[in-house]
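Colleague: Residue numbers (my numbering), protein chains in the order written: chain A, 18 to 278; chain B, 6 to 500.
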Amino acid sequence: MSAGSSGTFNNSFLFNPMAKRKVSLFIQCLVDSMFPHVGEAMVTVFDRLGIPLEYPPGQTCCGQPSFNAGYQKEARKAALHFIELFEDSEDIVCPSGSCVSMVRHDYPELFKDSPKMQERARAVGKRCYEFSEYLVDQLGVSDCGATFRRKVTYHDSCHLYRNLGIDRQPRVLLNNVKELELIEMKDSTQCCGFGGTFSINYPEISTALVDEKIKNILASGADVVCGCDMSCLMNIKGRLSRLGETVEVVHIAEILAGSEK
Amino acid sequence: MSESFYRENAKKAIADDKLQAAINLIQDRFGTGLLNLWKEKPEMDELRNRVKAAKDKNLKNLDILLAKLADSVEARGGHVFFAETAEEARLYTIELAKRRHVKMVVKGKSMLSAEIKIDQALADAGIEHWETDLGEYLVQLDKDIPSHIIAPAVHMNREHIGDLLAKRIGTPLSYDPPALTLAARKALRRKFLKADMGITGCNIAVAETGQVSLVSNEGNIRMTGTMPPIHVALMGMERVVANMQEHKDMLQLLTLGAAMQKISTYVSFNGGPVAEGCPDGPQEFHLIIIDNGRSKILADETFSEILSCIRCGACLNVCPVYGKIGGHSYNRATYSGPIGAVIEPLFNGINAQADLCKGETLCGACLKVCPVKNNIPRMLLALREKLAYGDEKWDVEQQNPLEELAFRGVGEAMVSPRLWHTGEKVVRSIMKKKPHQNDMVTAMSGPGRAWTDDRDLPPIAEKSFARLWKEKLQNRPLPAEKKEDNSGKDEGEEK
Ligand code: SF4
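1. Using 8 Å as the Cβ pair cut-off and three pairs as the minimum, do the region 38-55 of chain A and the region 86-93 of chain A touch?
2. Under 9 Å Cβ-Cβ, which residues of chain B neighbour T170 (chain A)?
3. Give a yes or no on whether the minimum CB-CB distance between F412 (chain B) and chain A is below 8 Å.
4. Starting from the beta carbon of K94 (chain A), find every residue of chain B whose beta carbon is closer than 8 Å, and list them in chain order.
5. Using only alpha-carbon positions, find the residue among A:E57, A:D204 and A:G275 that is nearest to D314 (chain A).
6. What would DSSP say about K112 (chain B), mapped onto helix, strand or coil?
7. Applying a beta-carbon distance threshold of less than 8 Å, which residues of chain B neighbour G238 (chain A)?
8. If you measure beta-carbon to beta-carbon, which residues of the region 221-249 of chain A are closer than 7 Å to chain B?
9. Quick one: give me the first and last residue of the beta strand (DSSP E) that D108 (chain A) is part of.
10. Can you list, in chain order, the residues of its chain with a C-beta nearer than 8 Å to that of L473 (chain B)? Leave out the 5 residues immediately preceding and following it.
11. Shorter than 8 Å from the beta carbon of I183 (chain A) to some beta carbon of chain B?
12. Let me know if N379 (chain B) comes out buried or exposed under the rule of 16 or more other beta-carbons within 10 Å of its beta-carbon.
13. Which complete alpha helix (DSSP H) runs does the region 335-392 of chain B hold, if anything under 4 residues is left out?
14. Using a Cβ-Cβ cut-off of less than 8 Å, give me the residues of the region 104-124 of chain A that come near chain E, in sequence order.
15. Just to confirm, is the Cβ distance from C314 (chain B) to I344 (chain B) under 8 Å?
16. For S279 (chain A), go through chain B and note every residue whose CB falls closer than 9 Å to its CB, in chain order.
17. Can you determine whether any heavy atom of the ligand SF4 sits closer than 7 Å to the C-beta of C116 (chain A), and answer yes or no?
18. Can you say whether K254 (chain A) is buried or exposed, counting buried as having 16 or more other CB atoms within 10 angstroms of its CB?
19. Assess, as a yes-or-no matter, whether the region 404-414 of chain B is touched by the region 430-446 of chain B under the definition of 3 or more beta carbon pairs within less than 8 Å.
20. G203 (chain B) lies in the alpha helix (DSSP H); which residues open and close that run?
21. Can you grab the Cα-Cα spacing for the pair M247 (chain A) / F52 (chain A), in whole Å?
22. If you measure from the CB of G318 (chain B), is any heavy atom of the ligand SF4 nearer than 7 Å?
23. If we define contact as Cβ-Cβ less than 8 Å, is M51 (chain A) a contact residue for chain B?
24. May I ask you to report which of helix, strand or coil DSSP gives Y180 (chain B)?
25. Could one say the Cβ of I425 (chain B) lies closer than 8 Å to chain A's Cβ atoms, at least one of them?
26. Going by C-alpha distance, which of A:S115, A:V110 and A:L102 is nearest G182 (chain A)?
27. List the residues of chain A that V326 (chain B) touches, going by C-beta distances under 7 Å, in chain order.
28. Taking a Cβ distance cut-off of 9 Å, strictly less, list which residues of the region 65-83 of chain A are near chain B, in chain order.
29. Closer than 8 Å, CB to CB, is P452 (chain B) near chain A or not?
30. Alpha carbon to alpha carbon, what distance is there between V144 (chain B) and P284 (chain B)?
31. Hey, is N192 (chain A)'s beta-carbon within less than 8 Å of any beta-carbon in chain B?
32. Would you identify the three-state DSSP class for Q45 (chain A), choosing helix, strand or coil?
33. According to the Cβ coordinates, are S258 (chain A) and A466 (chain B) closer than 8 Å?
34. Checking the sheet assignment: what are the DSSP bridge partners for A88 (chain B)?
35. Alpha carbon to alpha carbon, what distance is there between W456 (chain B) and S341 (chain B)?
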């Protein structure tokens, strides 16, 4: 099978029984409403790899904003909604590290007083993957057959990097994109200053942090900054735009879906 | 929202280039350094886990361990006093000083001494007292407070220090660090010789041996504990370890965490007063074991973990927020940075210190670097929960009922997709009416203004992913079918 025609794949996934699994798309609320093209890009990548997809309807938000602001009751309700929605899914794949971290690590904590619910939360959490992690670790894909003729720097989002330990996977994928030049920025794992409601409650601190991030992005000489979490990227993009900087901000799925640029 | 003390001070700190440069330096060197060390030497993980487990165990047996420590100290001829509150600790110290006609006290660097506000008590009693740690001495001369657990004067640059020493102790004006250090050293030596009492903290106390260990790089703490006739050591009740093996492990983590040192220049084992066969040391040794809110923390399993803290300051050295706002912005509390953000609200009131609970991004760097892996983000979330709903046990009043209402509303929408998408529509139409530039919204009102004051905001898309899926994606031609129409290009999303 040659899926798509823009590249050859050196992937073993075709012989991997896991590839038979069906992927349920878990679209982060921010992607759903503000960056739907990121979701579409994911679809393109999975299609090209021949992975069957479904999109369980009724998705809203994983509850992370409430959770981080201390509203655990509300977060628990959102968690229950999510668990019910995805309980029958095989593999759940999401374009956001922090949402996956929420489902995988925080849901079980939210239900620590109810062993039965906690078990359900754990079961769903175990099957929930971040996009780049799923491609590399679960499907064994390193080359998505994409081409991207730009200098790209990669921002390690906090929860993706620290809570999920994902830093190698996106780099493997980017390094296999044809004509893409990956340039590491200084302190790529330093927080961009978003922090959910933090950015609204403490805008001056948040801005100081994103400015630090932007300084490092600009110093890298890249003309595109990419990451695996739209919330951080929205923060970076919003500040870059205000500063009149032309560096482009994209989700990794957009690069991996690209065939020519 | 009216601007809090926290935000006001944060702003000042952010605008202070010299402060930013100084914090940057220490964060780059020690914070990034330690993170790299943990990464490069995964075998250190075992040591970290071992110390945490020992801490856990000791906290569970704290009463027994402290009783044993007291016995051991007394067997060596020292005195032990259990102070339930800061006030009791102050009173004991001042009364002792008065009884012994103490006129001058020298102090070794101790955050606990700041926590219990001993300086004011000494001053009120008419007792002269001098900090002997160089950084603390500078802070004292400047009538300021420390801005870092380990590097109290990190906020001062050499020009400031040169001017300060010239003004306050009359040294010839110089901005040369060695010359400045020498001038301070000279002034301090005279104080050591004159002092009637030395007050130190306590890094580690060993129950088995009854000895108190103090770590320093300047040697001043050793002199504080040995030169004056009386040595008073202030100890947080969680500082005790069972035996020398635990001591060794913890010491190693402490010096690594504090300054990436395998061992500090000085480690003083204070074993009590002079005795037959032990001619060195003070005439009298007093150990004040201080609770001051720690029992209450210990009794709450959500927060008891924080008592494992070895006060190494590493979390300050990686915290992006501390890196921007500096130690003084934390409501000028004794402890700043991530450790301060958890422990100060627990000590001094969660409502009063709400900004400390909420003013972090939850990036998790503190958890990664902490030698004993204290889960500070988890505890910050627990503090926020108390502010969100109120809490009887910790006497917390709900901080913002309106905010709760808003989150409840959003919470309802989160479980009702129809409501959720209606909300999305409403926000879309509101945002549409706002000013735009290059497809970005440039000015919002309400809470969104805090965002658009400094940043642009991407608009809500015309069609959500949910809608795109329903309208086109779910019926898209699959790759196998696509092959036939010879499409090398992908659809839609590329720019
Ligand atoms: S919380 Fe951890 S890193 Fe912070 S001061 Fe305590 S021991 Fe050190």
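Heads up, the beta-carbon is just placed ideally off N, CA and C, and yes, glycines get one too.
Modeller: Judging by the given coordinates:
1. no
2. For T170 (chain A), there are no C-beta contacts with chain B under 9 Å, since the nearest C-beta of that chain is about 18 Å from it.
3. yes
4. Neighbours of K94 (chain A) in chain B, taken as residues at a C-beta separation under 8 Å, are given in chain order as G416, M419 and V420.
5. Since the first residue of chain A shown is 18 and the last is 278, residue 314 (chain A) is not available in this structure.
6. strand
7. Within 8 Å Cβ-Cβ: nothing; G238 (chain A) doesn't reach chain B, min ~21 Å.
8. E221, I222, T224, A225 and L226
9. D108 to C111
10. none
11. no
12. buried
13. 342-353, 359-363 and 370-374
14. Among the protein chains of the structure shown, namely A and B, there is no chain E.
15. Yes, these two residues count as a Cβ contact at 8 Å.
16. Any question about residue 279 (chain A) goes unanswered here, given that chain A covers just 18 to 278.
17. no
18. buried
19. no
20. G203 (chain B) -> not in any alpha helix (DSSP H); beta strand (DSSP E) instead, spanning M202 to T205.
21. 8 Å
22. Correct: G318 (chain B) has its Cβ closer than 7 Å to the ligand SF4.
23. Chain B places a beta carbon closer than 8 Å to that of M51 (chain A), counting this residue as a contact.
24. coil
25. Reading off the sequence shown, one finds Trp at residue 425 (chain B), where the question assumed Ile. Put simply, the CB of W425 (chain B) is near chain A, with a gap under 8 Å to one of its CB atoms.
26. A:S115
27. In chain order: I222.
28. Taken in chain order, the members of the region 65-83 of chain A whose beta-carbon sits within less than 9 Å of a beta-carbon on chain B are R65, L66, G67, P69, L70, E71, Y72, P74, G75, Q76, T77, C78, C79, G80, P82 and S83.
29. yes
30. 35 Å
31. no
32. coil
33. In terms of Cβ geometry, S258 (chain A) and A466 (chain B) do not form a close pair [threshold 8 Å].
34. B:I295
35. Straight-line Cα distance between these residues: approximately 26 Å.
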